[in-house]
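Trainee:
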Amino acid sequence: MTATFSDASRAIFAKNTLAHVASLDESGNPHVTPVWVELDGDEIVINTALGRIKARNLANDPRVAVSLTDPDNPYDCVAVRGTVVTFTTEGADEVIDRLAKKYLGVDTYPYRREGEVRVTVRIRPDHISVQPA
Numbered sequence: 402m403t404a405t406f407s408d409a410s411r412a413i414f415a416k417n418t419l420a421h422v423a424s425l426d427e428s429g430n431p432h433v434t435p436v437w438v439e440l441d442g443d444e445i446v447i448n449t450a451l452g453r454i455k456a457r458n459l460a461n462d463p464r465v466a467v468s469l470t471d472p473d474n475p476y477d478c479v480a481v482r483g484t485v486v487t488f489t490t491e492g493a494d495e496v497i498d499r500l501a502k503k504y505l506g507v508d509t510y511p512y513r514r515e516g517e518v519r520v521t522v523r524i525r526p527d528h529i530s531v532q533p534a
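Mapped onto the working numbering, the consecutive letters of the sequence shown carry residue numbers 402 to 534.
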């Protein structure tokens with residue numbers, strides 16, 4: 402069952418807040434990385450490049466955790482346990498450009514590497530914890 406975000410949670414996602422995404426490698430060990438993030442309805446949207454550890458992990462095991470801390474008040478945070486529901490290269494360049502606009506104020510993602518293939522990952526929240534509650 403999909404959990405839904407409160408207005409307070411959505412406000413944290415709307416800021417230039419780095420999220421931390423925890424994925425599981427093939428041995429079951431956690432791998433945590435900071436990522437740019439946005440919400441689309443009640444799905445979390447992130448973007449990475451094929452070949453990266455995070456991309457491999459999320460393609461192999463859809464279980465994921467995401468956390469964000471409000472940059473204006475570090476005691477306000479959102480923690481999500483969820484499931485990857487979409488893992489696609491389709492439209493991924495547009496998503497990373499949109500995230501670059503949000504986080505850097507530029508129209509085009511400036512760190513693209515030659516031959517890099519971007520992938521968009523959509524996460525369905527299964528459980529959401531908000532502090533303070």
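Positions of the beta carbon are idealized from the N, C-alpha and C atoms, including for glycine.
#1: According to DSSP, is ASN430 helix, strand or coil?
#2: Measuring straight from C-alpha to C-alpha, what distance separates SER530 and VAL465?
#3: Assign GLY442 to one of two classes, buried (16 or more other C-beta atoms within 10 Å of its C-beta) or exposed (fewer than that).
#4: Applying the 10 Å Cβ sphere with the 16-neighbour rule, what's the burial state of ALA420?
#5: Any contact between the segment 459-474 and the segment 493-503? By contact I mean 3 or more CB pairs, one from each, below 8 Å.
#6: Taking the alpha-carbon of ILE445 as reference, which of PRO533, GLN532 and ARG523 has the nearest alpha-carbon?
#7: For the beta strand (DSSP E) that GLU444 lies in, which residues bound it at each end?
#8: Give me the Cα-Cα distance between THR418 and ASN474, rounded to the nearest whole angstrom.
#9: Rank TYR504, PRO526, GLU517 and GLN532 by C-alpha distance to the C-alpha of ARG453 and give the top, closest one.
Mentor: Working from what's here:
#1: coil
#2: 14 Å
#3: exposed
#4: buried
#5: no
#6: ARG523
#7: 444-450
#8: 11 Å
#9: GLU517
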